[in-house]
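**Q**
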Amino acid sequence: MSNKVRVRLAPSPTGYLHLGTLRVALYNYAFAKKNNGSFILRIEDTDQNRLVSDAVENIISTLNTIGVEFDEGPNKGGDYGPYVQSQRLDIYRKYINELIEKGFAYHCFCDKETLDEMRAQQIAKKEDPKYDRRCLKLSKEEVQARIDRGDSYVIRLRMPDDRVFSFDDAIRGLVEINSNQVDDQVILKSDGFPTYHLAACVDDHLMEITHVFRGEEWISSTPKHIWLYECLGWQAPKFVHLPLIMNTDHSKLSKRKNDVSVENYLQKGYPVPAIINYIALIGWHTSDDREFFSLEDLCQEFSLERVNKANGVFDIVKLNWMAGMYIREMSNEELAAKCRPFLENAGYDVSDNRKLLAVMDNAKDRIYCYSQVIEHSKMFYEDLTLSDEDKQILAEEDSQTVLRYFVDNADSIPWQDIEELGQFIKAGSKELGIKGKKYFFPLRISLFGSSHGPDIPKLFNILAREETINRMKKYIK
RNA sequence: GACCCCUUCGUCUAGUGGUUAGGACUCAAGAUUUUCAUUCUUGCAACAGGGGUUCGAUUCCCCUAGGGGUCGCCA
Numbered sequence: 006m007s008n009k010v011r012v013r014l015a016p017s018p019t020g021y022l023h024l025g026t027l028r029v030a031l032y033n034y035a036f037a038k039k040n041n042g043s044f045i046l047r048i049e050d051t052d053q054n055r056l057v058s059d060a061v062e063n064i065i066s067t068l069n070t071i072g073v074e075f076d077e078g079p080n081k082g083g084d085y086g087p088y089v090q091s092q093r094l095d096i097y098r099k100y101i102n103e104l105i106e107k108g109f110a111y112h113c114f115c116d117k118e119t120l121d122e123m124r125a126q127q128i129a130k131k132e133d134p135k136y137d138r139r140c141l142k143l144s145k146e147e148v149q150a151r152i153d154r155g156d157s158y159v160i161r162l163r164m165p166d167d168r169v170f171s172f173d174d175a176i177r178g179l180v181e182i183n184s185n186q187v188d189d190q191v192i193l194k195s196d197g198f199p200t201y202h203l204a205a206c207v208d209d210h211l212m213e214i215t216h217v218f219r220g221e222e223w224i225s226s227t228p229k230h231i232w233l234y235e236c237l238g239w240q241a242p243k244f245v246h247l248p249l250i251m252n253t254d255h256s257k258l259s260k261r262k263n264d265v266s267v268e269n270y271l272q273k274g275y276p277v278p279a280i281i282n283y284i285a286l287i288g289w290h291t292s293d294d295r296e297f298f299s300l301e302d303l304c305q306e307f308s309l310e311r312v313n314k315a316n317g318v319f320d321i322v323k324l325n326w327m328a329g330m331y332i333r334e335m336s337n338e339e340l341a342a343k344c345r346p347f348l349e350n351a352g353y354d355v356s357d358n359r360k361l362l363a364v365m366d367n368a369k370d371r372i373y374c375y376s377q378v379i380e381h382s383k384m385f386y387e388d389l390t391l392s393d394e395d396k397q398i399l400a401e402e403d404s405q406t407v408l409r410y411f412v413d414n415a416d417s418i419p420w421q422d423i424e425e426l427g428q429f430i431k432a433g434s435k436e437l438g439i440k441g442k443k444y445f446f447p448l449r450i451s452l453f454g455s456s457h458g459p460d461i462p463k464l465f466n467i468l469a470r471e472e473t474i475n476r477m478k479k480y481i482k
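Heads up: the first sequence runs through residues 6 to 482, numbered per our numbering.
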């Protein structure tokens, strides 16, 4: 076996790509790149009841748009396939049989009701709920008889008694757990599918995975996995238990309290690099004050030593700030390309490229995701709806004078240049002897639909001559 | 409840046996701007508590507390 680093992302297709899974993917990917290793995608679809039909598709396509590339995987191929667990059932069966033969695993015929009752009794007696191994006492003949009879059964892993399992976690260091705390885990379900524990261990070994990145919720079942490797005569990989991402109230990040699927953020039009950057920073940081990292930066800078131990709160406010920073860094052309689908979807005619770019320039400072471009551009593409208060302002004599002034001087307005527009507009104020709100409100209201908004010269520039004059004329009595 | 993991501003974090404990987000104030947004400046705000070890602990050790995770034929 080579020493080459091999890591895998092993999502179960029970939903769209989760923020937590994204972070594991990012760390895996960066770790692989940094160490010249391989990154593998493996689909863990052993729970047939919770499958979501288009989840695999979503997970792969989302990972693609994020930009993490796999060296091996379901639609990619590789020497260790298949990369979908439901296609590896015979492999698992083989090792399960081996475990049974060696006495490390046994048949269990207890049904759900029996187990529930057993647990209830144990809890009542203040004991730790654990399978009491009643089926372990069954003789070979009894077991065979019940199988022949067609009784439904599962296979359980027999954990050793009173043995301390310890492992050197890459993030936490030495972790020790006594086997007495660990249940005889079901490794083969009655539907013939293995559970995560068996499937993941077998696959990680067969696929020569060197580092297992996963959330810290797996720490307490790690003894099962170590034991499994031992029973099969295999060497366990290095475990890398990552801290969890939490809701603001410090509960485990959940659908109920946050948008947890990456899809949500993609749909809203958060810049992909911002999503990557923000998520990577929950639980990882360099030793300096830097906080902007591209995927490439991450691949260069990432190290396990700098992954935090403590859970991290997902703070949408900071994500929004960071996303806004990425948008402000974009050129108007880039932003237009990203926003175009949203604008077209809203039914706006964005064929005038000059106008589109000017609208983008204005929106850039005000949004943190592309979908928000609508609320900051609708006043340039739709007819304005004015409040009664604003209508009154426009009806005032000074307002009328201001509007008429610009309509009458349309020919001499320097429409192309914001600087010159500014000067022209200032000069108008002097000439009319109207200044401050009296001067600027009618302009902004008639052109923009609100007394608060972009600079007047920008408004002129965005709308250009024809539309500016038309909008003003509309409110001249 | 048992076991395991964790603990620096509200949040993400940097950091060291001796620092005014640093940065970022948020918030507040100010500047710029006719207004809004952006930008800039300043400010508020943390070493969970108690014992040790030490000349000296935020930093090392122990205990307590708090938070989180696990205890499924889910992953």
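Glycine included, C-beta positions come from ideal geometry on N, C-alpha and C.
Excluding the five sequence neighbours on either side, which residues of its own chain have a C-beta within less than 6 angstroms of the C-beta of residue 224, listed in chain order?
**A** Cβ neighbours of residue 224 beyond the five flanking positions: 246.
**Q** Is residue 483 helix, strand or coil when you go by DSSP?
**A** Nothing about residue 483 can be read from this structure; the chain reaches only from 6 to 482.
**Q** Tell me which residues share the same chain as residue 299 and place their Cβ nearer than 8 angstroms to its Cβ, disregarding the 5 neighbours each side in the sequence.
**A** Hits under 8 angstroms: 278, 281 and 282.
**Q** Please classify residue 99: is it buried, with 16 or more other beta-carbons within 10 angstroms of its beta-carbon, or exposed?
**A** The residue in question, residue 99, is exposed, as its Cβ has fewer than 16 Cβ neighbours within 10 Å.
**Q** Would you mind sorting residue 307 into buried or exposed? The rule is 16 or more other CB atoms within 10 Å of its CB.
**A** So residue 307 ends up on the buried side.
**Q** Please report the residue range of the beta strand (DSSP E) in which residue 178 lies.
**A** Unbroken beta strand (DSSP E) run through residue 178: 178-183.
**Q** Looking only at its chain, what residues have a beta carbon closer than 7 angstroms to the beta carbon of residue 405, apart from the 5 residues adjacent to it on each side?
**A** Contacts found: 481 and 482.
**Q** Nearest-angstrom Cα distance between residue 204 and residue 94?
**A** When rounded, the distance between both Cα atoms is 9 angstroms.
**Q** Would you report the Cα separation of residue 49 and residue 330, rounded to the nearest angstrom?
**A** Approximately 37 angstroms, taken between the alpha carbons.
**Q** Check residue 82 in the structure and name its three-state DSSP category.
**A** If DSSP states are grouped into helix, strand and coil, residue 82 belongs with the strands.
**Q** Under the criterion of a Cβ to heavy atom distance below 6 angstroms, does residue 184 qualify as lining the ligand NAP?
**A** By its list of ligands, the structure shown contains no ligand whatsoever, and the ligand NAP lies outside what it can speak to.
**Q** Quick check: residue 188 and residue 136, are their CB atoms within less than 7 angstroms of each other?
**A** Cβ atoms of residue 188 and residue 136: closer than 7 angstroms.
**Q** Between the Cα of residue 149 and those of 96, 127, 477 and 113, spot the shortest distance and give me the residue it belongs to.
**A** When only C-alpha atoms are compared, the closest one is 113.
**Q** Quick check on residue 138: does DSSP put it in helix, strand or coil?
**A** Here residue 138 sits in coil by DSSP.
**Q** Give the C-beta separation of residue 378 and residue 368 to the nearest angstrom, bearing in mind that I take them to be a contact with Cβ-Cβ under 8 angstroms.
**A** Indeed they touch by this definition, with Cβ atoms about 5 angstroms apart.
**Q** Taking the CB atoms as reference points, tell me whether residue 450 and residue 395 lie closer together than 7 angstroms.
**A** Closer than 7 angstroms, so yes.
**Q** Quick check on DSSP: helix, strand or coil for residue 23?
**A** Residue state, collapsed to three classes: strand.
**Q** Could you pull the start and end residues of the beta strand (DSSP E) that residue 111 belongs to?
**A** Run containing residue 111: 110-113, per the beta strand (DSSP E) assignment.
**Q** Which residue comes first and which comes last in the alpha helix (DSSP H) that contains residue 343?
**A** That run of the alpha helix (DSSP H) goes 337-350.
**Q** Tell me the residue span of the beta strand (DSSP E) that contains residue 171.
**A** From DSSP, the beta strand (DSSP E) with residue 171 extends over 169-174.
**Q** Looking at residue 403: is its Cβ nearer than 7 angstroms to the Cβ of residue 430?
**A** No, the Cβ-Cβ distance between residue 403 and residue 430 is not below 7 angstroms.
**Q** Give the single residue among 328, 375, 325 and 371 whose Cα lies nearest to the Cα of residue 341.
**A** Of the listed residues, the one whose Cα sits closest to residue 341 is 375.
**Q** Out of 90, 180, 411 and 44, point me to the one whose CA is closest to residue 68's CA.
**A** Selected option, being the one with the closest Cα: 44.
**Q** Determine which residues share a DSSP beta bridge with residue 13 and list them.
**A** Partner(s): 45.
**Q** So, helix, strand or coil for residue 162, using DSSP?
**A** The answer is strand: DSSP assigns residue 162 an E or B state.
**Q** Mapping DSSP to helix, strand and coil, what is residue 391?
**A** The answer is coil: DSSP assigns residue 391 none of H, G, I, E or B.
**Q** Please report the straight-line C-alpha distance between residue 504 and residue 454, rounded to a whole angstrom.
**A** Here the chain has residues from 6 to 482 only, and residue 504 is not among them.
**Q** Report the CB separation of residue 216 from residue 36 in whole angstroms; it is logged as a contact under 8 angstroms.
**A** With a Cβ gap of about 7 angstroms, residue 216 and residue 36 count as contacting.
**Q** What is the DSSP secondary structure of residue 248, reduced to helix, strand or coil?
**A** The answer is coil: DSSP assigns residue 248 none of H, G, I, E or B.
**Q** Would you kindly work out how many angstroms separate the C-alpha atoms of residue 467 and residue 258, rounded to a whole number?
**A** Roughly 43 angstroms between the two C-alpha positions.
**Q** Could you give the first and the last residue of the continuous beta strand (DSSP E) run that contains residue 193?
**A** First-last of the beta strand (DSSP E) with residue 193: 191-193.
**Q** Would the region 57-64 and the region 312-331 be scored as touching if the rule is three or more Cβ pairs under 8 angstroms?
**A** Touching, no.
**Q** Would you report the Cα separation of residue 448 and residue 416, rounded to the nearest angstrom?
**A** About 17 angstroms.
**Q** Using 7 angstroms as the threshold, is the C-beta distance between residue 11 and residue 213 below it?
**A** In contact: residue 11 and residue 213 (Cβ atoms closer than 7 angstroms).
**Q** Report the rounded CA-to-CA distance for residue 464 versus residue 384, giving the unit in angstroms.
**A** Taking the straight line from one Cα to the other gives about 10 angstroms.
**Q** Should residue 77 be labelled buried (16 or more other beta-carbon atoms within 10 Å of its own) or exposed?
**A** Residue 77 comes out buried.
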